[in-house]
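K.L.:
Just so you know, the sequences run in chain order A and B.
Offset between the first sequence (1-based) and the working numbering: plus 98.
Offset between the second sequence (1-based) and the working numbering: plus 98.
Number of protein chains: 2
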Amino acid sequence: MSGPPTLEDVARAAGVSRATVSRVINGIRNVDPAIQEAVRRAIAETGYVPNQAARSLVTRRTGAVALVVSGAGGGPEEDPFPSRVFADPFFGRVAGGVVGFLRPLGIHPVLMFAETEEARRQVVTYLRQGNADGALLVSTHGADPLPRLLAEARLPAVLFARPAEPLPISYVDLAHRAGARLAADHLVARGCRRVATISGPLDVPAAQDRLAGFQEAMAVHGHPYVPVAEGGFTLPSGERAMERLLAGHDGLDGVFAANDVMAQGALAALRAHGRRVPDDVAVVGFDDSSAATACVPALTTVRHPVEDMAAEMGRLLLAHLGDPGQPVTSRIFEPSLVVRDSA
Amino acid sequence: MSGPPTLEDVARAAGVSRATVSRVINGIRNVDPAIQEAVRRAIAETGYVPNQAARSLVTRRTGAVALVVSGAGGGPEEDPFPSRVFADPFFGRVAGGVVGFLRPLGIHPVLMFAETEEARRQVVTYLRQGNADGALLVSTHGADPLPRLLAEARLPAVLFARPAEPLPISYVDLAHRAGARLAADHLVARGCRRVATISGPLDVPAAQDRLAGFQEAMAVHGHPYVPVAEGGFTLPSGERAMERLLAGHDGLDGVFAANDVMAQGALAALRAHGRRVPDDVAVVGFDDSSAATACVPALTTVRHPVEDMAAEMGRLLLAHLGDPGQPVTSRIFEPSLVVRDSA
DNA sequence: AGAGCTTCGGAGAGCGCTCTCCAACTCTGT
DNA sequence: ACAGAGTTGGAGAGCGCTCTCCGAAGCTCT
Chain A
99 MSGPPTLEDV ARAAGVSRAT VSRVINGIRN VDPAIQEAVR RAIAETGYVP NQAARSLVTR
159 RTGAVALVVS GAGGGPEEDP FPSRVFADPF FGRVAGGVVG FLRPLGIHPV LMFAETEEAR
219 RQVVTYLRQG NADGALLVST HGADPLPRLL AEARLPAVLF ARPAEPLPIS YVDLAHRAGA
279 RLAADHLVAR GCRRVATISG PLDVPAAQDR LAGFQEAMAV HGHPYVPVAE GGFTLPSGER
339 AMERLLAGHD GLDGVFAAND VMAQGALAAL RAHGRRVPDD VAVVGFDDSS AATACVPALT
399 TVRHPVEDMA AEMGRLLLAH LGDPGQPVTS RIFEPSLVVR DSA
Chain B
99 MSGPPTLEDV ARAAGVSRAT VSRVINGIRN VDPAIQEAVR RAIAETGYVP NQAARSLVTR
159 RTGAVALVVS GAGGGPEEDP FPSRVFADPF FGRVAGGVVG FLRPLGIHPV LMFAETEEAR
219 RQVVTYLRQG NADGALLVST HGADPLPRLL AEARLPAVLF ARPAEPLPIS YVDLAHRAGA
279 RLAADHLVAR GCRRVATISG PLDVPAAQDR LAGFQEAMAV HGHPYVPVAE GGFTLPSGER
339 AMERLLAGHD GLDGVFAAND VMAQGALAAL RAHGRRVPDD VAVVGFDDSS AATACVPALT
399 TVRHPVEDMA AEMGRLLLAH LGDPGQPVTS RIFEPSLVVR DSA
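1) Determine, using beta carbons only, whether Pro422 of chain A comes closer than 8 angstroms to chain B.
2) Are the C-beta of Leu248 of chain A and some C-beta of chain B separated by less than 8 angstroms?
3) Please name the residue in B:Gly161, B:Ala251, B:Arg279 and B:Gly289 whose C-alpha comes closest to that of Asp378 of chain B.
4) Taking the straight line between their C-alpha atoms, what separation do you get for Gly352 of chain A and Ala345 of chain A?
5) Do Ala310 of chain A and Arg279 of chain A have their CB atoms nearer than 8 angstroms?
6) Taking DSSP as the reference, what is the three-state secondary structure of Val192 of chain B?
7) Rounded to whole angstroms, what's the CA-CA distance from Gly320 of chain B to Gly277 of chain B? Just pull it up for me.
8) Tell me whether Tyr323 of chain A is buried or exposed, calling it buried when 16 or more other Cβ atoms sit within 10 Å of its Cβ.
9) What residues from chain A crowd round Met210 of chain B, counting only those whose CB sits closer than 7 angstroms?
10) Taking Ala390 of chain B as the query, report the chain A residues whose CB atoms sit under 9 angstroms from its CB, ordered along the chain.
11) Compare the C-alpha of Ala259 of chain A against each of A:Ile141, A:Gln306 and A:His347 and name the closest.
12) Which runs of the alpha helix (DSSP H) at least 4 residues long sit entirely within the stretch 382-431 of chain B? Give them in chain order.
13) Looking at chain A, which residues of the stretch 221-240 of chain B have a Cβ within less than 8 angstroms of any of its Cβ atoms?
14) Are the Cβ atoms of His284 of chain B and Leu435 of chain B separated by less than 8 angstroms?
15) Measure the alpha-carbon distance for Arg159 of chain B versus Val394 of chain A and round it to whole angstroms.
16) Name, please, each residue of chain A whose Cβ falls closer than 7 angstroms to the Cβ of Ser154 of chain B.
17) Is His442 of chain B buried or exposed, if buried means 16 or more other CB atoms sit within 10 Å of its CB?
18) Establish whether the CB of Val394 of chain A and some CB of chain B are separated by less than 8 angstroms.
19) Does DSSP put Phe331 of chain A in a helix, in a strand, or in coil?
20) Using only alpha-carbon positions, find the residue among B:Thr104, B:Leu165 and B:Leu333 that is nearest to Gly232 of chain B.
21) Let me see if you follow: with CB-CB separation under 8 angstroms, is Pro148 of chain A close to chain B or not?
22) Do Gly349 of chain B and Gly298 of chain B have their C-beta atoms within less than 8 angstroms of each other?
23) Give the secondary structure of Leu265 of chain B by DSSP, where H, G and I count as helix, E and B as strand, and everything else as coil.
24) What number of angstroms, rounded off, separates the C-alpha of Gly204 of chain B from the C-alpha of Tyr224 of chain A?
25) If distances are taken between C-alpha atoms only, which option among A:Ile267, A:Leu272, A:Val318 and A:Ala367 comes closest to Met340 of chain A?
26) For Pro174 of chain A and chain B, any beta-carbon pair shorter than 8 angstroms?
27) Just the Cα atoms here: how many angstroms apart are Tyr146 of chain A and Pro103 of chain A?
28) Any heavy atom of the ligand NAP closer than 7 angstroms to the CB of Tyr146 of chain B?
29) Should Leu333 of chain B be flagged as near chain A, meaning a C-beta pair shorter than 8 angstroms?
30) So, is Arg127 of chain B buried or exposed, given that buried needs 16 or more other C-beta atoms within 10 angstroms?
31) In chain order, what residues of the same chain have a beta carbon less than 6 angstroms from the beta carbon of Leu105 of chain A, not counting five sequence neighbours either side?
32) As a quick exercise: from A:Leu209, A:Pro422 and A:Leu300, pick the residue whose alpha carbon is nearest that of Ala241 of chain A.
33) Taking just the CA atoms, how far does Ala370 of chain B sit from Arg292 of chain B?
34) Pull up the distance between the alpha-carbon of Arg429 of chain B and that of Pro376 of chain A, whole angstroms please.
35) Does the Cβ-Cβ distance between Gln227 of chain B and Gln227 of chain A come in under 8 angstroms?
36) At least one CB of chain A closer than 8 angstroms to the CB of Phe189 of chain B: is that the case?
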């Protein structure tokens, strides 16, 4: 026998037909227990492993999904895109959540990055070639064109975060405004009177929502004007934003940063200026990422159930693959406040 | 026509045979330029995309590779394994390097984690089923059993780091000892007299080598005894290790941490104890990761060309796939010292 | 001008699997 | 004892592609 054993080999060894072996493997009933047992033994003897390509060819399913990180082209840093993406604990959590859900099903995500036109085309082609059955997409940018491309090609996909334009694609998202409101309420309840915020990049919908939610809530509490410094969701950008706020506004006693990493940067800036946290300035972050507990003091933050949301993405995609007629759905998760030491 | 267009459809549209279309697509010469053009036009017209499963079935190649992160089972933290892995900038750099090399070739890695017996079996089965042609393996642990499993199954693989036991598998690695030596030389040249080190977990070969290299070099410089505190390559573990060193050794004026993340922790501990860096204590890290420049002061560190090494892994794997008879090779990269502010 | 090349395109045999028939067989009920 | 129903297993037709043969031209060379 040349090459790895095939169904035919197993069938011969078990003294049955190819079809019967296939039935046993795919768990189809109507196979006599005794024969089932014989087949199983033959499989073990021959060391048979089904060939995925042959199977895909007829089932038209690969059992693979793509995990696509889509974002803006060149960033300010010199890092290449993939490295930069991983620098943020956020992506690691998404990947962890996706893998956690998919792995027990024997599915492993194909990692793709789509920060350029060329790369986006590659993603579409990859899916069209049937390398994967669908895509899980997490955009780092609001105006990402990939969701539309996917929708137009009628390729099954689920997004992390609502698309900028209405598109017939399912997605999961967080109630960002509600989360920001929790932060505002907490700072006010704590007695903060002069509160500022470090927003994320304002071309990202999530950043817009967090800012808007925070401003609305502060307005309700009688603070119609909140100083804002825009950051880029990175540590140094948070640090610089804090510097700007400190330079422009005396007596600041509370800050809401739109993610933990920037809050961490803010902490560094505050320390450099001799402000104690939380005594002089209370700081609230967002995400409840690993950065939140790595900080000193540990961050009070808004919990973003990224892993659960990523798992839900997987669930939605598989549901769609199982029944393509299924309606497009979205699922919005609710944030909660995690109180630690910084506020 | 039902379903996506096939080779047959294109052939009919171009008025040639299936074989000719296949030749054009696969860039085989011996096709008249005029016919080539006609075929190309037919492909564009029909919107044809080759079916990867059908192709794999006959070529016995998928054009996919697995990127496997293999490590110890449960860690001390409560994080699930995948998330924890991403928390370290190291893995992001590996992924970035791999993607950077593979993507221009149209190859995208399948992300797999293998921290349990069950997960390791899944990896082997996945490869045996022909879901991917080979594996790129990065172990977080010395005694990882996966390399041996892969070797026994004769599955093509390339490791990041030398395997604990000799195995017929190619790998890339860093000259860790030489790197640690650079750190020692720098600290001594700077005038440090009382130098300690924070090592990585000593069941990891790379951590052993860095420690041994550092000790050897210090011995050469007349410091046969160097205080050691073992860390776990994580930020908090570096911070705690530094605390221990400070508690046990007065007048410390230099520290070598076996990676940047622990150096960052050490910085925090030193600051908490009112020691200035580098004036009171000089700190040298290892890796030259994003953490090195995110620190204040920026870390002097040993450069670990992770991205280049990851790309080389890809290159070695593809070479092996292209010619399975190729001998097992290993490639050791040389580190260099990057001097910044911390030492 | 015909033998001997090279060049080019088509025919057709699979690659390993799933799945739809269909045949054979085992039960029931009358 | 036999028709009709329900089970169980086999035969065989593809899935879409690659690639090895071959045959048909178009050459060069003697």
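We put the beta carbon where it would ideally sit given N, CA and C, even for glycine.
P.N.:
In short, the structure shows the following:
1) Taking 8 angstroms as the CB threshold, Pro422 of chain A stays off the interface with chain B.
2) Output row for Leu248 of chain A: interface = no.
3) The option with the nearest alpha carbon to Asp378 of chain B is B:Gly289.
4) Gly352 of chain A and Ala345 of chain A have their C-alpha atoms roughly 15 angstroms apart.
5) No, these two residues do not count as a Cβ contact at 8 angstroms.
6) It is helical.
7) Gly320 of chain B and Gly277 of chain B: Cα-Cα distance of roughly 19 angstroms.
8) With fewer than 16 other Cβ atoms inside 10 Å of its own Cβ, Tyr323 of chain A counts as exposed.
9) The contacting residues are His206.
10) Residues of chain A whose Cβ lies closer than 9 angstroms to the Cβ of Ala390 of chain B do not exist; the shortest such Cβ separation is about 12 angstroms.
11) If we check each option's Cα against that of Ala259 of chain A, A:Gln306 comes out closest.
12) Entirely contained in the stretch 382-431 of chain B, the alpha helix (DSSP H) runs reaching 4 residues are, in chain order, 388-392 and 404-420.
13) Residues of the stretch 221-240 of chain B with a Cβ closer than 8 angstroms to any Cβ of chain A, in chain order: Thr223, Tyr224, Arg226, Gln227, Gly228 and Asn229.
14) Contact: yes.
15) Whole-angstrom Cα-Cα distance: 51 angstroms.
16) What Ser154 of chain B touches in chain A: Ala151.
17) In this structure chain B extends from 99 to 441, so residue 442 of chain B is not present and cannot be described.
18) Val394 of chain A counts as touching chain B.
19) Here Phe331 of chain A carries a coil assignment [DSSP, helix/strand/coil].
20) Comparing Cα positions, the closest option is B:Leu165.
21) Yes, Pro148 of chain A counts as interfacial toward chain B.
22) Remark: C-beta atoms of Gly349 of chain B and Gly298 of chain B do not approach each other more closely than 8 angstroms.
23) In this structure, DSSP gives Leu265 of chain B a state outside helix and strand, which the three-state scheme calls coil.
24) Roughly 9 angstroms between the two C-alpha positions.
25) Considering only alpha carbons, the answer is A:Ala367.
26) Unreliable placement is indicated for Pro174 of chain A, whose pLDDT of 44 sits below 50; no coordinate value is reported for it.
27) The C-alpha of Pro103 of chain A is placed about 5 angstroms away from the C-alpha of Tyr146 of chain A.
28) Within the structure as shown, the ligand NAP is missing, as the structure has no ligands at all.
29) Chain A, which has a Cβ nearer than 8 angstroms to the Cβ of Leu333 of chain B, makes this yes.
30) It is exposed - the Cβ of Arg127 of chain B has fewer than 16 other Cβ atoms within 10 Å.
31) Cβ within range, chain order: Arg116 and Val119.
32) Checking every option, the nearest Cα to that of Ala241 of chain A belongs to A:Leu300.
33) Inter-residue distance for Arg292 of chain B and Ala370 of chain B is about 20 angstroms (C-alpha atoms, whole angstroms).
34) A direct Cα-to-Cα measurement between Arg429 of chain B and Pro376 of chain A gives close to 51 angstroms.
35) It is not a contact, given that the beta carbons lie outside the stated cut-off.
36) Judged by the 8 angstroms Cβ criterion, Phe189 of chain B is in contact with chain A.
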